[in-house]
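If you're matching positions, the sequence shown starts at 1 in UniProt numbering and goes up one per residue. Where is the CB? At the ideal position from N, CA and C, for every residue including glycine. All values reported here derive from a predicted model rather than from experimental measurement.
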Amino acid sequence: MSYLDDRARSGLPDPYHEPQFYDGVVVKRAFAWLVDLLLVTFATFLLGILTLSLAWFFWPLAFLFVEVIYRVSTVANQSATWGMRLMGIELRDHHGRRFDGGTTVLHLIGYYASISFVLPALASVVAMLVTDRRQGLTDLLLGSAAINRPA
1 MSYLDDRARS GLPDPYHEPQ FYDGVVVKRA FAWLVDLLLV TFATFLLGIL
51 TLSLAWFFWP LAFLFVEVIY RVSTVANQSA TWGMRLMGIE LRDHHGRRFD
101 GGTTVLHLIG YYASISFVLP ALASVVAMLV TDRRQGLTDL LLGSAAINRP
151 A
């Protein structure tokens, strides 16, 4: 299969002809995830203050609520969370386009499904390390990928 055939088939940059889009993406995703975790934790803490500590009694639900709002609002608008933007990466769908609202929600559902259990979470990390486009399980299912932000 030629480069043009592969690009037309998936819309994503070819990892062999354009490796710069995937260089260091796994490490950047890990750091972006940590930044996002800190931001959501801080926002949930602030929510606890604003609700006169009510949110702290329901910490897991409050955290989930804040994280869903955070991820949907940032990824649907810029195809990247603030952590991803800081690391210079963004998500692209199987056509190579930025995520829209529907793709964002599907990706979020897949993300939660994969991190809710140990084996899918580990399989997703392994997939990111061994696939050509550095895709996790959700990315493989949706045909999406995290890439270095084009200049």
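Mind checking whether residue i and residue j have CB atoms under 7 Å apart?
{"i": "L91", "j": "S73", "result": "no"}
{"i": "V27", "j": "L86", "result": "no"}
For residue i, which residues in the same chain have their Cβ closer than 6 Å to its Cβ, ignoring the five residues on either side in sequence?
{"i": "W56", "result": "G48"}
{"i": "M128", "result": "V26, R134 and G136"}
Going by DSSP, what residue range makes up the alpha helix (DSSP H) through residue i?
{"i": "R71", "result": "W59 to Q78"}
{"i": "A151", "result": "Element bounds for A151: n/a, residue is neither H nor E."}
{"i": "G112", "result": "Sequence inspection shows Tyr at residue 112; the Gly mentioned does not correspond to that position. Here the alpha helix (DSSP H) through Y112 covers G101 to I115."}
For residue i, collect the residues of the same chain with a Cβ closer than 7 Å to its Cβ; drop the 5 residues on either side in sequence, then sort them by chain order.
{"i": "R71", "result": "T81 and L108"}
{"i": "R7", "result": "Any reading at R7 must be qualified, since the residue scores a pLDDT of 47, below 50, and its modelled position is unreliable; the value itself is stated next. Cβ neighbours of R7 beyond the five flanking positions: D14."}
{"i": "V66", "result": "V40, A43, T44 and L47"}
Taking the beta strand (DSSP E) that residue i falls in, what are its first and last residues?
{"i": "R85", "result": "Looking at the DSSP string, R85 is not in any beta strand (DSSP E); the run it does join, the alpha helix (DSSP H), is W82 to M87."}
Name the DSSP beta bridge partners of residue i, please?
{"i": "L91", "result": "A146"}
{"i": "R98", "result": "R92"}
For chain D, find out if any of its Cβ atoms is closer than 7 Å to the Cβ of residue i; answer yes or no.
{"i": "P13", "result": "Among the chains of the structure shown, chain D does not appear; only one protein chain is present."}
Quick one: what's got a C-beta closer than 8 Å to residue i's C-beta in the same chain, skipping five residues either side?
{"i": "N148", "result": "Q20, F21, Y22, D23, G24, V25, K28, G88 and I89"}
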